[in-house]
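Chains as they are written, first to last, in the working numbering: chain A, 1 to 254; chain B, 1001 to 1481.
The C-beta atom is built at its ideal place from N, Cα and C for all residues, glycine as well.
Read the structure below first, then the notes.
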Ligand SMILES: Nc1ncnc2c1ncn2[C@@H]1O[C@H](COP(=O)(O)OP(=O)(O)O)[C@@H](O)[C@H]1O
Ligand SMILES: [Mg+2]
């Protein structure tokens, strides 16, 4: 589904990603872990097409399409979703209206008819139940005055509404208490199928107790320095990132 | 697809979709302004002597004045001798029914989305349509008359209700008020007249559409609304014009009078031709709008969505004379390309316990300039008067400007005026967030500005809110990304 080859990217003069290789197949859950500043959010942003980041080298194939050639909205139309680490606020714009526009724009991209008010409401009710989210939150302006947890749950709700092929969750667990993590994780698990995939970006292994990954990758200083199964996450938890840092830095110095 | 948005997408493809010219024969005055022209207009309208005298007095006063230059707008000098002051589509003088409206005219109004017949009757909006200088048709007249409501063109009112016109015209905006008000008083061509009798709640929206069609004409309409004790009326005006290379002048006067416990809600969706991307052509919109809360507990509320005109100079105001009266001003002003707007309001608190609320949302894009100018005056006797003003500006890009000029004068120690102002930019991160959800940049901007302007849009009657949302999006087309 997603195939990243030798991806280099940076911002202004600064190189951040220094040769990423990653393959994700339908049905899989991948976790990317790594210390702060290692480039996790940059990778997510580059995949989603944020214009500030410059791709310096490499390629990304998404279901047979050259992802890097597509506009951000076309990537969304193709089924790529990013749950933002810091969701933005749009004052005055009702969350429901925003989601309805998003759903119908994506449907338009896919050549599907747009949902009328009744069909949209039905879909929303169904997903609200699934995500355990309250109607009152969705009538408020988009993310305006939402708590950290509410913002994150709103991201996952939008993911449920848009039913992406590949969902990238950027630290969706940070700032959530354990109950909220459980709700978010439940939501993600309900959406999993053999046709879609999830890329979880996280700092802690805590989330991986609830969303069990097939593969875990450690990102450090713009490179994937270690890949393994979920045991790798446990090992990291036990030994800390310093262990990775010392190993990698030793290799680089040599 | 969200209904509002699908239409935006269609409409952004056409630049100014109201820019067509209707080819109808017109009955025009010769170019230029003189006493003879004033007499010509008055004669055309078959006016009584007192009306002519009034016009001539205004004309003579106007001759003594200089054009004001304090507003934050720039434009080349207007040659007042190069304007046609009267242009009427040629058709039968008096219409007996709607079916007699010239079919070409009727098609014009249909293009504007205003149907003068059954369709509109069903939607329950009474429409008065003014093209160039003359009111073409007023719908729903009989139905309104049953409740004693008068809704007709100003010309008809002068003929049929001279005592009312004589009593109220110029009572809120005297002919000596300012340069453009004096000019309007001399040459006003038509406009709407509404009279709501005591205790009557007007059962439908009253609406006027103004359109400038003929070349080199100015439009000088005059609207007068009188709401007697305990009555209520909601009135809406919409405006369009064809695209022309030259600038056209529009100088209207609107007067509102609210007696005890009466309420007048006046909404404007102003979409005059703004000129092209280089700043050529467009309407100069110099308007004087003022209401007086004459009675105790009366209320006047102005809501405006201003997207058009090359230059806007406009300050709808309220004189809060009656104790416990309420004045409101809700405004969204959008400027793009080379448009200039200097707009705001004046709240003049005279009575006790008077309240006013000002919500102004300015959106600037391109090379445009958008100024808010407001005056809140609390007089000596305005015990416990309150004002709250909120002025927010949103900038798209870095070549446009937003300016706020709030003036507050408090002469009574128990009265309080509060002012808040913010300026923000549409953020790249907001646009990217929308993009990531499949929403293109154009639509994202439309969503963001409609969110920004929501408090004002919510004040508009339902049918017009949708239209206004589309207009906001259209007028900002191509301004981001
Ligand atoms: N907009 C930016 N401008 C400058 N530097 C940036 C920007 N975004 C990220 N960086 C830098 O890139 C590196 C990686 O950041 P990021 O991808 O956010 O890491 P992570 O998500 O793993 O914490 C950091 O050193 C960070 O300071
Ligand atoms: Mg991050």
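* Asked: Alpha carbon to alpha carbon, how far is residue 217 of chain A from residue 30 of chain A?
  -> 8 Å
* How about the region 1246-1261 of chain B and the region 1281-1296 of chain B: do they share at least three Cβ pairs that are nearer than 8 Å? -> yes
* Asked: Which word fits residue 50 of chain A, buried or exposed, when buried means at least 16 other C-beta atoms lie within 10 angstroms of its C-beta?
  -> buried
* Asked: How is the beta strand (DSSP E) around residue 1422 of chain B delimited, first residue to last?
  -> 1416-1425
* Alpha carbon to alpha carbon, what distance is there between residue 120 of chain A and residue 1338 of chain B? -> 40 Å
* What's the C-alpha gap between residue 112 of chain A and residue 136 of chain A? -> 29 Å
* Asked: How about the region 1349-1360 of chain B and the region 1435-1451 of chain B: do they share at least three Cβ pairs that are nearer than 8 Å?
  -> no
* **Any C-beta of chain B under 9 Å from that of residue 49 of chain A** => yes
* Asked: Is there at least one non-hydrogen atom of ligand 1 closer than 8 Å to the beta-carbon of residue 1443 of chain B?
  -> no
* **Members of the region 95-111 of chain A near chain B, C-beta cut-off 9 Å** => 97, 98, 99, 100, 101, 102, 103, 104, 105, 106, 107, 108 and 109
* To do: Kindly confirm or deny that the region 58-65 of chain A and the region 137-146 of chain A touch, where touching means at least three C-beta pairs closer than 8 Å.
  => no
* **Three-state secondary structure (DSSP) of residue 195 of chain A** => coil
* Closer than 5 Å from C-beta to any heavy atom of ligand 1: which residues, in chain order? -> A:11, A:16, A:36, A:37, A:38, A:39, A:40, A:41 and A:42
* **Cα-Cα separation between residue 1413 of chain B and residue 1358 of chain B, rounded to whole angstroms** => 21 Å
* To do: Please classify residue 1049 of chain B: is it buried, with 16 or more other beta-carbons within 10 angstroms of its beta-carbon, or exposed?
  => exposed
* Asked: For residue 52 of chain A and chain B, any beta-carbon pair shorter than 9 Å?
  -> yes
* Asked: Using a C-beta cutoff of 9 Å, does residue 75 of chain A count as contacting chain B?
  -> yes
* Asked: From residue 1187 of chain B to residue 1032 of chain B, what does the alpha carbon distance come to, in whole angstroms?
  -> 11 Å
* Asked: Can you tell me the Cα-Cα spacing of residue 1166 of chain B and residue 1440 of chain B, whole angstroms?
  -> 55 Å
* Asked: From residue 1183 of chain B to residue 1219 of chain B, what distance separates their C-alpha atoms?
  -> 11 Å
* Whose Cβ in chain A lies nearer than 8 Å to the Cβ of residue 1362 of chain B? -> What residue 1362 of chain B touches in chain A: nothing, since even the nearest Cβ is about 15 Å away.
* Residues of its chain near residue 1380 of chain B, where Cβ-Cβ distance is below 8 Å and the 5 sequence neighbours each way are ignored -> 1411 and 1412
* Which of helix, strand or coil DSSP assigns to residue 95 of chain A -> helix
* Span of the beta strand (DSSP E) around residue 1431 of chain B -> Where residue 1431 of chain B is concerned, there is no enclosing beta strand (DSSP E), although the alpha helix (DSSP H) it sits in stretches over 1428-1436.
* Under 9 Å between the Cβ atoms of residue 1254 of chain B and residue 1164 of chain B? -> no
* Report the three-state DSSP secondary structure of residue 1387 of chain B (helix, strand or coil). => strand
* Going by alpha carbons, who is nearest to residue 86 of chain A out of A:45, A:7 and A:69? -> A:45
* Would you check if there are 3 or more beta carbon pairs closer than 8 Å linking the region 88-104 of chain A to the region 185-195 of chain A? => no
* What in chain B is Cβ-close to residue 92 of chain A, meaning under 8 Å? -> 1450, 1451, 1452, 1453, 1454 and 1455
* **Nearest-angstrom Cα separation, counted from residue 1391 of chain B out to residue 26 of chain A** => 51 Å
* Per-residue DSSP class, three states only, for residue 1167 of chain B -> helix
* What did DSSP end up calling residue 156 of chain A once you bin it into helix, strand or coil? -> helix
* State whether the region 1038-1045 of chain B contacts the region 1301-1316 of chain B, with contact taken as three or more CB pairs (one from each stretch) at a distance under 8 Å. => no
* So which residues of chain B does residue 29 of chain A contact, with C-beta pairs closer than 9 Å? -> Residues of chain B passing the Cβ test: none, with the nearest at roughly 21 Å.
* Asked: For residue 1266 of chain B versus residue 1238 of chain B, is the C-beta distance shorter than 9 Å?
  -> no
* Kindly say whether residue 1443 of chain B, judged by its beta-carbon, lies nearer than 9 Å to any beta-carbon of chain A. => yes
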